[in-house]
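Engineer: In case it helps, this note's numbering puts the sequence shown at residues 2 to 391.
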Amino acid sequence: VQCNYSISSAPKVKTSVVSRRKTDMTFRRFSGRFMPAFSTSFNLSRNFRSDAALEAIEIALEEKVPNLVLYNYPSFSGAFSALFAHLYHSRLRIPCLILPFSSVVPFRVEDLCLERFERCYLLDFIVPKAFASTISRKSACGIICFDHRKSAVSRIGSVKEDNKRFKINVDIEKSSSKAVYRYFSSKLTDQRSSEGESLSLLDVEDESRVESVLDYIEDIDLRRWRLPHIKSFSFGLKDWRSRINCITNPYMYEQLLRISSADLIANGDSYYSSRLIDAKKLVKLNKVFKIRLGRGFYGECLGMRADGNHELSDELGKLLSLQSAAAGLRPIGAVTFMQRNNLKMCLRSIDDVTDTSQVAKAYGGGGTSCSSSFIIRMDEYNQWIAKNPT
Numbered sequence: 002v003q004c005n006y007s008i009s010s011a012p013k014v015k016t017s018v019v020s021r022r023k024t025d026m027t028f029r030r031f032s033g034r035f036m037p038a039f040s041t042s043f044n045l046s047r048n049f050r051s052d053a054a055l056e057a058i059e060i061a062l063e064e065k066v067p068n069l070v071l072y073n074y075p076s077f078s079g080a081f082s083a084l085f086a087h088l089y090h091s092r093l094r095i096p097c098l099i100l101p102f103s104s105v106v107p108f109r110v111e112d113l114c115l116e117r118f119e120r121c122y123l124l125d126f127i128v129p130k131a132f133a134s135t136i137s138r139k140s141a142c143g144i145i146c147f148d149h150r151k152s153a154v155s156r157i158g159s160v161k162e163d164n165k166r167f168k169i170n171v172d173i174e175k176s177s178s179k180a181v182y183r184y185f186s187s188k189l190t191d192q193r194s195s196e197g198e199s200l201s202l203l204d205v206e207d208e209s210r211v212e213s214v215l216d217y218i219e220d221i222d223l224r225r226w227r228l229p230h231i232k233s234f235s236f237g238l239k240d241w242r243s244r245i246n247c248i249t250n251p252y253m254y255e256q257l258l259r260i261s262s263a264d265l266i267a268n269g270d271s272y273y274s275s276r277l278i279d280a281k282k283l284v285k286l287n288k289v290f291k292i293r294l295g296r297g298f299y300g301e302c303l304g305m306r307a308d309g310n311h312e313l314s315d316e317l318g319k320l321l322s323l324q325s326a327a328a329g330l331r332p333i334g335a336v337t338f339m340q341r342n343n344l345k346m347c348l349r350s351i352d353d354v355t356d357t358s359q360v361a362k363a364y365g366g367g368g369t370s371c372s373s374s375f376i377i378r379m380d381e382y383n384q385w386i387a388k389n390p391t
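#1: Taking just the CA atoms, how far does Arg94 sit from Glu116?
#2: Cα separation between Cys146 and Tyr273?
#3: In this structure, how does DSSP classify Tyr74 when only helix, strand and coil are distinguished?
#4: Does the Cβ-Cβ distance between Val211 and Leu203 come in under 8 Å?
#5: Out of Ala363, Asn383, Gln359, Gly334, state which residue places its alpha-carbon closest to the alpha-carbon of Leu344.
#6: Report yes or no: do the stretch 235-244 and the stretch 277-290 share at least 3 C-beta pairs separated by less than 8 Å?
#7: Which residues share a DSSP beta bridge with Cys347?
#8: Can you tell me where the beta strand (DSSP E) holding Arg293 begins and where it ends?
#9: Flag Phe298 as yes if its beta-carbon sits less than 8 Å from any beta-carbon of chain C, otherwise no.
#10: According to the Cβ coordinates, are Cys114 and Ile58 closer than 8 Å?
#11: Buried or exposed: where does Glu111 fall if 16 or more other Cβ atoms within 10 Å of its Cβ makes it buried?
#12: How big is the Cα-Cα spacing for Gln324 and Thr357?
#13: Once DSSP output is grouped into helix, strand and coil, what is the label at Val105?
#14: Could you tell me whether the stretch 332-351 touches the stretch 371-383, where touching means 3 or more Cβ pairs closer than 8 Å?
#15: Based on DSSP bridge pairs, tell me the residues matched to Phe126.
#16: Distance, Cα to Cα, Ala263 vs Arg183?
#17: With a threshold of 16 other CB atoms inside 10 Å of the CB of Thr190, please say whether the residue is buried or exposed.
#18: Strictly by DSSP, which residues pair up with Lys239?
#19: By the 10 Å Cβ neighbour count, where 16 or more other Cβ atoms means buried, how is Asn342 classified, buried or exposed?
#20: Can you tell me whether Glu219 is buried or exposed, with buried defined as 16 or more other CB within 10 angstroms of its CB?
#21: Report buried or exposed for Lys179, applying the criterion of at least 16 other Cβ atoms within 10 angstroms of its Cβ.
Shown next, in the form of structure tokens:
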């Protein structure tokens, strides 16, 4: 019997049995019934509240599945949290339904039928106040939330007021994925297998590798960017974003277990190197000119237009920052391009002292000291480049 029920295929753990038919569809058995692990042909924009997801909820209710798990999509903390929930319930042979939750195409309260579940986990997000209010009136289901965002802190009070059954775990110093990992690991440690053996969430050979990935994800989630090669890791991780929907990817759990931070860093290094080569070619081929930041109030730096190549704005800005410093100007690179009928300027600096966000904030934008951006009017932009020779 497949104990951890979701509409994605489970990883090869001892408590899972997957039955496959000789077709393009994969079928899974739950309480004596075979259910399709739906193929990847669905339109991605509809998959969060698709017929497949709604049917999975309906069948889980028919089978009296006690636990519902919703994880934030497209968040890596959310996806890894879903993995840990999956492993926990699989180890203990407790049925649960796991689905991605997107704020773009969210489930409605009535879709979830929470009054018929015993427990619902919200992994890497807290529901809006209106959602919580509706739940409190209609359901006795226990809700357990995990989040790490500062914006979640302001919503804690209002959510708790509406529903005393909410157990909210928000720690802005720890990523949601780490909090969920420790939560389910601790719960599992207190349990014993049917043979009386102690249980662990991860196998020994997976533990250090997965924990390393969690460290890097936390470094990104908390915007610290301190770990070695964290930028390369971030680049390498981007390719995985399309795979962390358990509806469209029936092998998500297996794949997440195999992710290695070393492999992601290596892939990220290769990706970054190719982008840097492309950026250097663009700098050579395009006109680089002086920009009077704030009409000169913030000094001068080098800049260029990058229409059609805005995806390289970070690399271009850093190269221009170096050239600008070498030319005796402020160590800032300004990259400008059209985006959705607006003129956008991105500022980059590799200098630890220079704060590019001062300029961006003065013009309604924002960012960090080394990376910021803002929308600028064309007439204002022309004033910034007016003294350049034609």
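Just so you know, even glycine gets a beta-carbon here, dropped at the ideal spot from N, CA and C.
Structural biologist: Once the coordinates are examined:
#1: 23 Å
#2: 36 Å
#3: coil
#4: yes
#5: Asn383
#6: no
#7: Val336, Ser374
#8: 290-293
#9: The structure shown contains no chain C, having only a single protein chain.
#10: yes
#11: exposed
#12: 16 Å
#13: coil
#14: yes
#15: Phe147
#16: 23 Å
#17: exposed
#18: Its beta-bridge partners do not exist; DSSP assigns none.
#19: exposed
#20: buried
#21: buried
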